[in-house]
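Residue numbers (my numbering): 7 to 537. Right, one structure below, let's go through it.
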(Lines of atoms letter the chains of each structure in order from A and count residues from 1; the text may use other names and numbers.)
(Lines give C-alpha, C1' and ligand atoms only; values in the text may rest on other atoms or scores of the structure.)
Protein backbone atom coordinates (compact mmCIF):
# COMPACT_ATOMS: atom_id res chain seq x y z
CA UNK A 1 0.00 0.00 0.00
CA UNK A 2 3.03 2.30 -0.15
CA UNK A 3 1.82 3.74 -3.45
CA UNK A 4 -1.57 4.80 -2.02
CA UNK A 5 -1.63 8.25 -0.45
CA UNK A 6 -3.35 8.65 2.91
CA UNK A 7 -5.56 11.48 1.62
CA UNK A 8 -6.79 9.29 -1.24
CA UNK A 9 -7.77 6.54 1.22
CA UNK A 10 -9.56 9.09 3.37
CA UNK A 11 -11.58 10.33 0.39
CA UNK A 12 -12.88 6.83 -0.37
CA UNK A 13 -13.28 5.68 3.23
CA UNK A 14 -15.85 2.88 3.60
CA UNK A 15 -15.42 2.07 -0.10
CA UNK A 16 -14.14 -1.38 -1.05
CA UNK A 17 -10.89 -2.26 -2.84
CA UNK A 18 -10.41 -5.74 -4.29
CA UNK A 19 -7.13 -7.61 -4.66
CA UNK A 20 -6.53 -10.97 -6.34
CA UNK A 21 -4.52 -13.70 -4.61
CA UNK A 22 -3.41 -16.62 -6.76
CA UNK A 23 -3.21 -20.08 -5.24
CA UNK A 24 -1.97 -23.36 -6.75
CA UNK A 25 -4.36 -26.32 -6.49
CA UNK A 26 -4.59 -29.87 -7.79
CA UNK A 27 -6.65 -28.64 -10.74
CA UNK A 28 -4.48 -25.61 -11.54
CA UNK A 29 -4.22 -21.97 -10.53
CA UNK A 30 -7.11 -20.59 -8.47
CA UNK A 31 -7.79 -16.92 -7.74
CA UNK A 32 -9.11 -15.76 -4.37
CA UNK A 33 -10.40 -12.25 -3.76
CA UNK A 34 -9.28 -10.10 -0.83
CA UNK A 35 -11.67 -7.24 -0.02
CA UNK A 36 -10.26 -4.21 1.80
CA UNK A 37 -12.30 -1.43 3.39
CA UNK A 38 -10.48 1.71 4.65
CA UNK A 39 -12.06 3.48 7.63
CA UNK A 40 -10.87 6.81 9.04
CA UNK A 41 -10.78 6.75 12.86
CA UNK A 42 -11.33 9.80 15.10
CA UNK A 43 -7.60 10.34 15.55
CA UNK A 44 -7.07 10.45 11.79
CA UNK A 45 -5.52 6.99 11.59
CA UNK A 46 -6.84 4.85 8.74
CA UNK A 47 -7.88 1.34 9.66
CA UNK A 48 -7.94 -1.26 6.86
CA UNK A 49 -10.48 -4.05 7.32
CA UNK A 50 -9.44 -6.96 5.09
CA UNK A 51 -11.58 -10.02 4.37
CA UNK A 52 -10.68 -13.01 2.21
CA UNK A 53 -13.81 -13.92 0.27
CA UNK A 54 -14.80 -17.55 0.77
CA UNK A 55 -14.77 -19.94 -2.15
CA UNK A 56 -18.10 -20.43 -3.89
CA UNK A 57 -19.55 -23.86 -3.24
CA UNK A 58 -23.17 -24.83 -3.86
CA UNK A 59 -23.49 -27.51 -1.20
CA UNK A 60 -22.19 -30.84 -2.49
CA UNK A 61 -20.60 -32.95 0.26
CA UNK A 62 -17.51 -33.52 -1.87
CA UNK A 63 -16.22 -32.28 -5.21
CA UNK A 64 -18.63 -33.59 -7.85
CA UNK A 65 -17.10 -34.83 -11.12
CA UNK A 66 -19.95 -34.26 -13.57
CA UNK A 67 -18.43 -36.51 -16.23
CA UNK A 68 -18.94 -39.58 -14.00
CA UNK A 69 -22.76 -39.22 -13.92
CA UNK A 70 -24.25 -42.14 -15.91
CA UNK A 71 -27.44 -42.02 -17.97
CA UNK A 72 -29.32 -39.11 -19.52
CA UNK A 73 -32.07 -39.15 -16.87
CA UNK A 74 -29.60 -38.87 -13.99
CA UNK A 75 -27.69 -36.18 -15.86
CA UNK A 76 -30.87 -34.12 -16.34
CA UNK A 77 -31.76 -34.59 -12.66
CA UNK A 78 -28.29 -33.36 -11.63
CA UNK A 79 -28.54 -30.31 -13.91
CA UNK A 80 -31.98 -29.42 -12.52
CA UNK A 81 -30.55 -29.68 -8.99
CA UNK A 82 -27.50 -27.60 -9.98
CA UNK A 83 -29.71 -24.88 -11.51
CA UNK A 84 -31.93 -24.68 -8.42
CA UNK A 85 -28.94 -24.49 -6.05
CA UNK A 86 -27.41 -21.71 -8.13
CA UNK A 87 -30.64 -19.68 -8.27
CA UNK A 88 -30.96 -19.97 -4.49
CA UNK A 89 -27.63 -18.17 -3.94
CA UNK A 90 -27.85 -14.67 -2.48
CA UNK A 91 -24.29 -13.79 -1.42
CA UNK A 92 -22.99 -13.31 -3.99
CA UNK A 93 -26.06 -13.24 -6.21
CA UNK A 94 -25.11 -14.67 -9.63
CA UNK A 95 -26.14 -13.18 -12.98
CA UNK A 96 -24.73 -15.79 -15.35
CA UNK A 97 -23.40 -19.35 -15.31
CA UNK A 98 -20.53 -20.16 -17.68
CA UNK A 99 -19.39 -23.63 -18.72
CA UNK A 100 -16.11 -23.44 -20.65
CA UNK A 101 -14.45 -26.47 -22.29
CA UNK A 102 -10.99 -25.34 -21.11
CA UNK A 103 -11.95 -24.80 -17.46
CA UNK A 104 -12.25 -27.39 -14.69
CA UNK A 105 -15.00 -25.48 -12.84
CA UNK A 106 -18.17 -23.68 -13.95
CA UNK A 107 -17.95 -19.92 -13.38
CA UNK A 108 -20.50 -17.43 -12.07
CA UNK A 109 -20.73 -13.82 -13.16
CA UNK A 110 -21.26 -11.71 -10.05
CA UNK A 111 -20.91 -8.01 -9.30
CA UNK A 112 -17.22 -7.33 -9.67
CA UNK A 113 -16.19 -10.23 -11.89
CA UNK A 114 -16.10 -14.00 -12.35
CA UNK A 115 -16.03 -16.59 -9.55
CA UNK A 116 -15.53 -20.37 -9.96
CA UNK A 117 -17.84 -22.94 -8.34
CA UNK A 118 -15.10 -25.02 -6.73
CA UNK A 119 -17.09 -28.11 -5.68
CA UNK A 120 -17.99 -29.01 -9.30
CA UNK A 121 -15.37 -30.55 -11.60
CA UNK A 122 -15.81 -30.31 -15.38
CA UNK A 123 -13.82 -32.86 -17.40
CA UNK A 124 -13.26 -32.79 -21.20
CA UNK A 125 -16.41 -33.36 -23.24
CA UNK A 126 -18.83 -32.46 -20.46
CA UNK A 127 -19.82 -29.08 -21.93
CA UNK A 128 -20.85 -30.77 -25.21
CA UNK A 129 -22.98 -33.21 -23.23
CA UNK A 130 -24.67 -30.34 -21.38
CA UNK A 131 -25.27 -28.50 -24.68
CA UNK A 132 -26.97 -31.53 -26.28
CA UNK A 133 -29.19 -31.91 -23.23
CA UNK A 134 -30.19 -28.21 -23.38
CA UNK A 135 -31.07 -28.44 -27.10
CA UNK A 136 -33.26 -31.47 -26.37
CA UNK A 137 -35.03 -29.78 -23.44
CA UNK A 138 -35.64 -26.51 -25.32
CA UNK A 139 -38.35 -28.20 -27.46
CA UNK A 140 -37.66 -25.72 -30.26
CA UNK A 141 -38.22 -27.28 -33.73
CA UNK A 142 -36.05 -24.69 -35.50
CA UNK A 143 -33.09 -25.42 -33.24
CA UNK A 144 -33.59 -29.17 -33.61
CA UNK A 145 -33.57 -28.78 -37.40
CA UNK A 146 -30.36 -26.72 -37.39
CA UNK A 147 -28.64 -29.23 -35.09
CA UNK A 148 -29.69 -32.23 -37.19
CA UNK A 149 -28.67 -30.49 -40.43
CA UNK A 150 -25.21 -30.02 -38.87
CA UNK A 151 -24.91 -33.81 -38.33
CA UNK A 152 -25.82 -33.45 -34.63
CA UNK A 153 -22.59 -31.52 -34.11
CA UNK A 154 -22.05 -28.07 -32.59
CA UNK A 155 -19.09 -27.32 -34.89
CA UNK A 156 -19.40 -23.72 -36.23
CA UNK A 157 -22.83 -23.26 -34.57
CA UNK A 158 -24.17 -20.43 -32.41
CA UNK A 159 -27.52 -21.22 -30.79
CA UNK A 160 -29.85 -19.17 -28.57
CA UNK A 161 -32.41 -21.11 -26.56
CA UNK A 162 -34.29 -21.23 -23.25
CA UNK A 163 -33.94 -23.73 -20.42
CA UNK A 164 -36.86 -24.16 -18.04
CA UNK A 165 -36.65 -26.05 -14.75
CA UNK A 166 -39.50 -28.26 -13.58
CA UNK A 167 -40.36 -25.60 -11.02
CA UNK A 168 -40.86 -23.06 -13.81
CA UNK A 169 -37.65 -21.01 -13.46
CA UNK A 170 -36.07 -19.98 -16.75
CA UNK A 171 -32.61 -19.37 -18.17
CA UNK A 172 -31.62 -17.69 -21.41
CA UNK A 173 -28.89 -19.87 -22.93
CA UNK A 174 -26.27 -19.28 -25.61
CA UNK A 175 -24.27 -22.23 -26.98
CA UNK A 176 -21.23 -21.42 -29.12
CA UNK A 177 -18.54 -23.56 -30.74
CA UNK A 178 -15.11 -22.48 -29.45
CA UNK A 179 -11.52 -23.72 -29.44
CA UNK A 180 -10.92 -26.68 -27.13
CA UNK A 181 -7.29 -27.30 -26.20
CA UNK A 182 -7.74 -31.07 -26.51
CA UNK A 183 -10.33 -31.67 -29.24
CA UNK A 184 -10.22 -28.39 -31.27
CA UNK A 185 -14.02 -27.96 -30.90
CA UNK A 186 -15.88 -27.48 -27.63
CA UNK A 187 -19.08 -25.84 -26.41
CA UNK A 188 -19.06 -22.58 -24.51
CA UNK A 189 -22.37 -22.36 -22.62
CA UNK A 190 -23.53 -19.07 -21.13
CA UNK A 191 -26.72 -19.14 -19.05
CA UNK A 192 -28.45 -15.96 -17.89
CA UNK A 193 -30.71 -16.37 -14.85
CA UNK A 194 -34.11 -14.83 -15.58
CA UNK A 195 -36.41 -13.45 -12.87
CA UNK A 196 -39.66 -15.21 -11.97
CA UNK A 197 -41.59 -12.08 -12.86
CA UNK A 198 -40.73 -8.62 -14.15
CA UNK A 199 -39.07 -6.22 -11.75
CA UNK A 200 -41.15 -3.17 -10.94
CA UNK A 201 -40.04 0.38 -11.68
CA UNK A 202 -39.91 0.92 -7.91
CA UNK A 203 -37.58 -2.05 -7.37
CA UNK A 204 -35.20 -0.77 -10.05
CA UNK A 205 -35.45 2.82 -8.86
CA UNK A 206 -36.27 4.11 -12.35
CA UNK A 207 -36.89 7.88 -12.54
CA UNK A 208 -40.46 9.15 -12.81
CA UNK A 209 -39.77 10.76 -16.18
CA UNK A 210 -39.73 7.30 -17.77
CA UNK A 211 -43.13 6.21 -16.46
CA UNK A 212 -44.72 9.62 -17.04
CA UNK A 213 -43.49 9.70 -20.64
CA UNK A 214 -44.57 6.19 -21.67
CA UNK A 215 -47.94 6.58 -19.92
CA UNK A 216 -48.75 9.54 -22.16
CA UNK A 217 -47.49 7.96 -25.39
CA UNK A 218 -49.98 6.21 -27.66
CA UNK A 219 -47.58 5.36 -30.49
CA UNK A 220 -43.93 5.59 -31.41
CA UNK A 221 -40.63 3.82 -30.85
CA UNK A 222 -38.89 3.47 -27.48
CA UNK A 223 -35.34 2.08 -27.60
CA UNK A 224 -33.47 0.72 -24.57
CA UNK A 225 -29.76 0.64 -25.43
CA UNK A 226 -26.74 -0.76 -23.64
CA UNK A 227 -23.92 -3.24 -23.80
CA UNK A 228 -24.27 -6.97 -23.12
CA UNK A 229 -25.33 -7.62 -19.53
CA UNK A 230 -26.31 -4.01 -18.82
CA UNK A 231 -29.91 -4.91 -17.91
CA UNK A 232 -31.71 -3.65 -21.04
CA UNK A 233 -34.35 -6.41 -20.96
CA UNK A 234 -34.88 -5.92 -17.22
CA UNK A 235 -35.57 -2.20 -17.63
CA UNK A 236 -37.84 -2.81 -20.62
CA UNK A 237 -39.76 -5.47 -18.68
CA UNK A 238 -40.29 -3.11 -15.74
CA UNK A 239 -41.65 -0.34 -17.99
CA UNK A 240 -44.05 -2.73 -19.72
CA UNK A 241 -45.13 -4.13 -16.33
CA UNK A 242 -45.99 -0.56 -15.29
CA UNK A 243 -48.14 0.01 -18.39
CA UNK A 244 -49.92 -3.36 -18.10
CA UNK A 245 -50.93 -2.48 -14.54
CA UNK A 246 -51.83 1.14 -15.33
CA UNK A 247 -53.79 0.74 -18.57
CA UNK A 248 -55.86 -1.71 -20.57
CA UNK A 249 -53.29 -2.96 -23.09
CA UNK A 250 -53.25 -5.53 -25.90
CA UNK A 251 -49.56 -6.55 -25.81
CA UNK A 252 -47.52 -8.78 -28.11
CA UNK A 253 -43.97 -9.83 -27.21
CA UNK A 254 -41.58 -11.35 -29.77
CA UNK A 255 -38.37 -12.76 -28.30
CA UNK A 256 -35.61 -15.24 -29.07
CA UNK A 257 -35.99 -16.83 -26.57
CA UNK A 258 -38.72 -15.51 -24.24
CA UNK A 259 -36.94 -13.83 -21.33
CA UNK A 260 -39.62 -12.00 -19.37
CA UNK A 261 -42.82 -13.82 -18.45
CA UNK A 262 -45.88 -11.60 -17.95
CA UNK A 263 -48.40 -13.85 -16.11
CA UNK A 264 -51.91 -12.97 -17.30
CA UNK A 265 -53.37 -13.28 -13.80
CA UNK A 266 -51.21 -10.34 -12.67
CA UNK A 267 -52.73 -8.01 -15.29
CA UNK A 268 -56.54 -8.40 -15.28
CA UNK A 269 -57.08 -5.32 -17.48
CA UNK A 270 -54.72 -6.41 -20.27
CA UNK A 271 -54.37 -9.11 -22.93
CA UNK A 272 -50.83 -10.50 -23.28
CA UNK A 273 -49.55 -12.66 -26.15
CA UNK A 274 -45.98 -13.97 -26.01
CA UNK A 275 -44.22 -15.63 -28.97
CA UNK A 276 -40.79 -17.27 -29.15
CA UNK A 277 -38.97 -17.17 -32.47
CA UNK A 278 -38.44 -20.69 -33.79
CA UNK A 279 -41.05 -22.18 -31.50
CA UNK A 280 -44.16 -20.06 -32.12
CA UNK A 281 -43.04 -18.25 -35.28
CA UNK A 282 -40.57 -18.90 -38.08
CA UNK A 283 -38.78 -15.57 -37.64
CA UNK A 284 -38.92 -12.28 -35.77
CA UNK A 285 -39.74 -10.36 -38.95
CA UNK A 286 -42.63 -12.74 -39.76
CA UNK A 287 -44.06 -12.20 -36.27
CA UNK A 288 -43.81 -8.45 -36.72
CA UNK A 289 -45.52 -8.59 -40.11
CA UNK A 290 -48.50 -10.49 -38.69
CA UNK A 291 -48.68 -8.14 -35.68
CA UNK A 292 -50.36 -5.50 -37.87
CA UNK A 293 -53.42 -7.77 -38.18
CA UNK A 294 -53.72 -8.58 -34.46
CA UNK A 295 -55.44 -5.37 -33.22
CA UNK A 296 -52.52 -4.59 -30.92
CA UNK A 297 -51.73 -1.27 -29.34
CA UNK A 298 -48.33 -2.22 -27.89
CA UNK A 299 -45.51 -4.62 -28.83
CA UNK A 300 -42.16 -5.64 -27.39
CA UNK A 301 -39.99 -6.84 -30.28
CA UNK A 302 -36.81 -7.78 -28.42
CA UNK A 303 -33.45 -6.89 -29.90
CA UNK A 304 -33.14 -5.12 -33.24
CA UNK A 305 -30.32 -6.86 -35.11
CA UNK A 306 -30.74 -5.94 -38.78
CA UNK A 307 -32.31 -3.49 -41.23
CA UNK A 308 -35.45 -5.58 -41.76
CA UNK A 309 -36.21 -5.74 -38.03
CA UNK A 310 -35.49 -2.02 -37.66
CA UNK A 311 -37.80 -1.05 -40.53
CA UNK A 312 -40.59 -3.32 -39.26
CA UNK A 313 -40.34 -1.74 -35.79
CA UNK A 314 -40.46 1.77 -37.27
CA UNK A 315 -43.41 0.89 -39.53
CA UNK A 316 -45.30 -0.68 -36.60
CA UNK A 317 -44.76 2.53 -34.65
CA UNK A 318 -45.87 4.56 -37.66
CA UNK A 319 -49.08 2.53 -37.95
CA UNK A 320 -50.20 3.50 -34.45
CA UNK A 321 -48.45 1.07 -32.07
CA UNK A 322 -46.22 1.78 -29.09
CA UNK A 323 -43.10 -0.29 -29.77
CA UNK A 324 -40.44 -1.29 -27.23
CA UNK A 325 -37.11 -2.68 -28.47
CA UNK A 326 -33.52 -3.12 -27.30
CA UNK A 327 -30.31 -2.32 -29.14
CA UNK A 328 -26.61 -2.91 -28.57
CA UNK A 329 -25.32 0.65 -28.32
CA UNK A 330 -23.35 2.54 -25.69
CA UNK A 331 -25.42 5.74 -25.72
CA UNK A 332 -28.63 7.22 -27.06
CA UNK A 333 -26.71 9.10 -29.73
CA UNK A 334 -24.97 5.89 -30.78
CA UNK A 335 -28.35 4.12 -31.03
CA UNK A 336 -29.31 6.45 -33.88
CA UNK A 337 -26.11 5.75 -35.79
CA UNK A 338 -26.43 1.99 -35.19
CA UNK A 339 -29.87 1.86 -36.80
CA UNK A 340 -28.91 4.10 -39.73
CA UNK A 341 -25.78 1.99 -40.39
CA UNK A 342 -27.95 -1.14 -40.78
CA UNK A 343 -29.27 0.28 -44.07
CA UNK A 344 -27.52 1.00 -47.40
CA UNK A 345 -26.03 4.49 -47.52
CA UNK A 346 -28.49 5.66 -50.20
CA UNK A 347 -31.36 5.06 -47.74
CA UNK A 348 -29.82 6.91 -44.78
CA UNK A 349 -31.78 10.15 -45.30
CA UNK A 350 -35.11 8.28 -45.48
CA UNK A 351 -34.24 6.27 -42.35
CA UNK A 352 -33.19 9.39 -40.45
CA UNK A 353 -36.44 11.15 -41.36
CA UNK A 354 -38.47 8.13 -40.19
CA UNK A 355 -36.50 7.92 -36.94
CA UNK A 356 -36.95 11.63 -36.30
CA UNK A 357 -40.72 11.21 -36.55
CA UNK A 358 -41.08 7.92 -34.61
CA UNK A 359 -38.21 7.75 -32.05
CA UNK A 360 -40.08 9.14 -29.04
CA UNK A 361 -37.78 8.26 -26.15
CA UNK A 362 -34.27 6.86 -25.89
CA UNK A 363 -32.74 5.18 -22.86
CA UNK A 364 -29.14 3.99 -22.60
CA UNK A 365 -27.83 2.30 -19.49
CA UNK A 366 -24.89 0.65 -17.81
CA UNK A 367 -24.39 -1.06 -14.46
CA UNK A 368 -21.73 0.36 -12.15
CA UNK A 369 -20.27 -0.91 -8.91
CA UNK A 370 -21.50 0.87 -5.79
CA UNK A 371 -19.35 2.04 -2.90
CA UNK A 372 -20.39 -0.94 -0.75
CA UNK A 373 -20.18 -3.53 -3.52
CA UNK A 374 -23.80 -3.12 -4.65
CA UNK A 375 -24.87 -2.63 -8.27
CA UNK A 376 -26.12 0.79 -9.33
CA UNK A 377 -27.94 1.67 -12.55
CA UNK A 378 -26.58 4.62 -14.56
CA UNK A 379 -28.97 5.98 -17.20
CA UNK A 380 -28.98 8.36 -20.14
CA UNK A 381 -32.47 9.51 -21.15
CA UNK A 382 -33.80 11.73 -23.88
CA UNK A 383 -37.34 12.80 -24.68
CA UNK A 384 -37.54 13.74 -28.34
CA UNK A 385 -37.84 17.48 -28.97
CA UNK A 386 -37.11 19.83 -31.88
CA UNK A 387 -33.36 19.85 -31.21
CA UNK A 388 -33.13 16.05 -31.05
CA UNK A 389 -35.17 15.70 -34.26
CA UNK A 390 -32.76 18.09 -35.96
CA UNK A 391 -29.81 16.08 -34.63
CA UNK A 392 -31.28 12.83 -36.02
CA UNK A 393 -31.94 14.25 -39.51
CA UNK A 394 -28.51 15.88 -39.91
CA UNK A 395 -26.13 13.40 -41.53
CA UNK A 396 -22.92 15.41 -41.20
CA UNK A 397 -21.23 16.15 -37.88
CA UNK A 398 -20.24 19.61 -39.13
CA UNK A 399 -23.91 20.51 -39.65
CA UNK A 400 -24.78 19.87 -36.01
CA UNK A 401 -24.64 22.85 -33.71
CA UNK A 402 -24.56 20.68 -30.57
CA UNK A 403 -23.65 17.10 -29.68
CA UNK A 404 -26.33 14.73 -28.37
CA UNK A 405 -24.87 15.04 -24.86
CA UNK A 406 -25.12 18.82 -25.00
CA UNK A 407 -28.72 18.69 -26.25
CA UNK A 408 -29.68 16.24 -23.49
CA UNK A 409 -28.06 18.37 -20.77
CA UNK A 410 -29.72 21.52 -22.09
CA UNK A 411 -33.07 19.66 -21.95
CA UNK A 412 -32.69 18.68 -18.28
CA UNK A 413 -35.77 20.68 -17.28
CA UNK A 414 -37.99 18.42 -19.41
CA UNK A 415 -36.60 15.24 -17.85
CA UNK A 416 -33.70 14.35 -20.15
CA UNK A 417 -30.47 13.31 -18.42
CA UNK A 418 -26.96 12.55 -19.66
CA UNK A 419 -24.74 9.77 -18.34
CA UNK A 420 -22.50 12.33 -16.62
CA UNK A 421 -25.48 13.98 -14.90
CA UNK A 422 -26.66 10.58 -13.64
CA UNK A 423 -23.17 9.55 -12.46
CA UNK A 424 -22.75 12.85 -10.61
CA UNK A 425 -26.12 12.28 -8.90
CA UNK A 426 -25.03 8.80 -7.78
CA UNK A 427 -21.73 10.22 -6.51
CA UNK A 428 -23.37 13.10 -4.63
CA UNK A 429 -25.80 10.62 -3.04
CA UNK A 430 -22.85 8.57 -1.74
CA UNK A 431 -23.74 5.51 -3.84
CA UNK A 432 -20.55 5.38 -5.94
CA UNK A 433 -17.04 6.70 -5.37
CA UNK A 434 -15.20 9.25 -7.48
CA UNK A 435 -13.11 6.66 -9.35
CA UNK A 436 -16.21 4.73 -10.46
CA UNK A 437 -17.85 7.98 -11.58
CA UNK A 438 -14.84 8.99 -13.66
CA UNK A 439 -14.18 5.49 -15.03
CA UNK A 440 -17.75 5.20 -16.35
CA UNK A 441 -17.98 8.72 -17.73
CA UNK A 442 -18.22 8.71 -21.55
CA UNK A 443 -15.81 11.68 -21.66
CA UNK A 444 -13.65 12.13 -18.56
CA UNK A 445 -12.00 15.34 -19.77
CA UNK A 446 -15.38 16.91 -20.53
CA UNK A 447 -16.65 15.99 -17.06
CA UNK A 448 -13.58 17.61 -15.46
CA UNK A 449 -14.13 20.78 -17.46
CA UNK A 450 -17.89 20.87 -16.69
CA UNK A 451 -17.70 19.84 -13.03
CA UNK A 452 -19.03 23.15 -11.74
CA UNK A 453 -21.94 23.09 -14.18
CA UNK A 454 -22.71 19.47 -13.25
CA UNK A 455 -22.67 20.25 -9.53
CA UNK A 456 -19.62 18.28 -8.40
CA UNK A 457 -16.21 19.16 -6.97
CA UNK A 458 -13.48 16.73 -8.00
CA UNK A 459 -10.49 15.87 -5.85
CA UNK A 460 -6.93 16.82 -6.80
CA UNK A 461 -6.44 13.26 -8.06
CA UNK A 462 -8.61 14.06 -11.09
CA UNK A 463 -8.27 17.84 -11.20
CA UNK A 464 -4.88 18.88 -9.72
CA UNK A 465 -5.75 22.60 -9.48
CA UNK A 466 -9.24 21.94 -8.17
CA UNK A 467 -10.91 24.02 -10.86
CA UNK A 468 -10.52 23.53 -14.59
CA UNK A 469 -11.52 27.11 -15.40
CA UNK A 470 -8.70 28.36 -13.18
CA UNK A 471 -6.38 25.97 -14.96
CA UNK A 472 -7.50 27.31 -18.34
CA UNK A 473 -6.97 30.91 -17.16
CA UNK A 474 -3.55 29.99 -15.76
CA UNK A 475 -2.64 28.47 -19.11
CA UNK A 476 -3.68 31.69 -20.86
CA UNK A 477 -1.60 33.82 -18.46
CA UNK A 478 1.41 31.53 -18.83
CA UNK A 479 1.06 31.69 -22.61
CA UNK A 480 0.86 35.49 -22.50
CA UNK A 481 3.95 35.66 -20.27
CA UNK A 482 5.80 33.36 -22.65
CA UNK A 483 4.77 35.50 -25.62
CA UNK A 484 5.91 38.66 -23.77
CA UNK A 485 9.24 37.03 -22.91
CA UNK A 486 9.69 35.94 -26.53
CA UNK A 487 8.98 39.49 -27.74
CA UNK A 488 11.50 40.91 -25.24
CA UNK A 489 14.12 38.39 -26.33
CA UNK A 490 13.46 39.20 -30.00
CA UNK A 491 13.80 42.94 -29.24
CA UNK A 492 17.02 42.35 -27.33
CA UNK A 493 18.41 40.26 -30.18
CA UNK A 494 17.42 42.98 -32.66
CA UNK A 495 19.20 45.68 -30.64
CA UNK A 496 22.30 43.54 -30.25
CA UNK A 497 22.30 42.89 -33.99
CA UNK A 498 22.02 46.62 -34.69
CA UNK A 499 24.85 47.39 -32.27
CA UNK A 500 27.01 44.70 -33.87
CA UNK A 501 26.24 46.06 -37.34
CA UNK A 502 27.07 49.59 -36.21
CA UNK A 503 30.34 48.42 -34.69
CA UNK A 504 31.23 46.56 -37.89
CA UNK A 505 30.42 49.67 -39.94
CA UNK A 506 32.71 51.77 -37.74
CA UNK A 507 35.54 49.26 -38.15
CA UNK A 508 35.16 49.29 -41.95
CA UNK A 509 35.11 53.09 -42.04
CA UNK A 510 38.32 53.21 -39.98
CA UNK A 511 39.94 50.70 -42.34
CA UNK A 512 38.96 52.72 -45.43
CA UNK A 513 40.23 55.89 -43.75
CA UNK A 514 43.61 54.27 -43.09
CA UNK A 515 43.72 52.98 -46.66
CA UNK A 516 43.05 56.46 -48.02
CA UNK A 517 45.85 57.83 -45.85
CA UNK A 518 48.25 55.26 -47.25
CA UNK A 519 47.17 56.06 -50.80
CA UNK A 520 47.96 59.69 -50.10
CA UNK A 521 51.46 58.73 -48.98
CA UNK A 522 51.95 56.66 -52.13
CA UNK A 523 51.46 59.70 -54.24
CA UNK A 524 54.70 61.02 -52.75
CA UNK A 525 56.48 57.62 -52.75
CA UNK A 526 55.25 55.78 -55.86
CA UNK A 527 57.89 53.01 -55.62
CA UNK A 528 56.58 51.82 -52.24
CA UNK A 529 53.47 49.71 -52.15
CA UNK A 530 51.27 50.10 -49.08
CA UNK A 531 51.36 47.06 -46.82
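All C-beta atoms, glycine included, are put in the ideal place defined by N, C-alpha and C.
- In terms of Cα proximity to residue 46, the closest of 90, 55, 187 and 410 is 55.
- Where residue 371 is concerned, the enclosing beta strand (DSSP E) starts and stops at 365-375.
- For the stretch 139-182, the continuous beta strand (DSSP E) assignments of 3+ residues that do not extend past its boundaries occur at 164-170, in sequence order.
- For residue 256 and residue 420, the gap between their C-alpha atoms comes out near 29 Å.
- The three-state reading of DSSP puts residue 95 in coil, since its state is none of H, G, I, E or B.
- Residue 28 has 37 as its beta-bridge partners, per DSSP.
- If the five residues before and after residue 278 are omitted, its C-beta is found closer than 6 Å to the C-beta atoms of 257, 268 and 270, all from its own chain and listed in chain order.
- Boundaries of the alpha helix (DSSP H) harbouring residue 294: 290-297, taken from the DSSP string.
- For residue 385, the pairing in a beta bridge is given by DSSP as 371.
- A direct Cα-Cα distance of roughly 53 Å separates residue 383 from residue 492.
- Taking each of 435, 436 and 412 in turn and checking the Cα distance to residue 425, the smallest one comes out for 412.
- Taking the Cα of residue 189 as reference, the smallest distance to any Cα among 23, 108 and 462 is reached at 108.
- Annotated three-state conformation of residue 457 is helix, per DSSP.
- The Cβ atoms of residue 333 and residue 295 lie no closer than 8 Å to each other.
- Of the candidates 362, 62, 369 and 51, 62 places its Cα closest to the Cα of residue 95.
- With a threshold of 16 other beta carbon atoms within 10 Å, residue 274 falls short and is exposed.
- Taking the Cβ atoms as the reference, residue 199 lies roughly 7 Å from residue 101, within the contact range of under 8 Å.
- Proximity of the stretch 342-360 to the stretch 395-402 meets the contact definition, three or more beta-carbon pairs being nearer than 8 Å.
- Beta-bridge annotation (DSSP): residue 256 is paired with 277.
- Under DSSP, residue 115 shares a beta bridge with 102 and 120.
- Within the stretch 295-340, the complete beta strand (DSSP E) segments at least 3 residues long are 304-309 and 328-334, listed from N- to C-terminus.
- When rounded, the separation of the alpha-carbon atoms in residue 71 and residue 31 is 16 Å.
- Checking the DSSP bridge columns, you'll see residue 229 partnered with 331 and 368.
- Here residue 97 is exposed: its Cβ has fewer than 16 other Cβ atoms, across all protein chains shown, within 10 Å.
- For residue 55, the beta-bridge partners assigned by DSSP are 43.
- Residue 230 and residue 429 have their C-alpha atoms spaced approximately 18 Å apart.
- For residue 208, the enclosing alpha helix (DSSP H) has its first and last residue at 207-210.
- Residue 169 counts as buried, since at least 16 other C-beta atoms from the protein chains shown sit within 10 angstroms of its C-beta.
- Cβ-Cβ distances below 6 Å link residue 369 to 230 and 387 in the same chain, with the five nearest sequence neighbours on each side left out; the list follows chain order.
- Residue environment for residue 410: buried (at least 16 other C-beta atoms within 10 angstroms of its C-beta).
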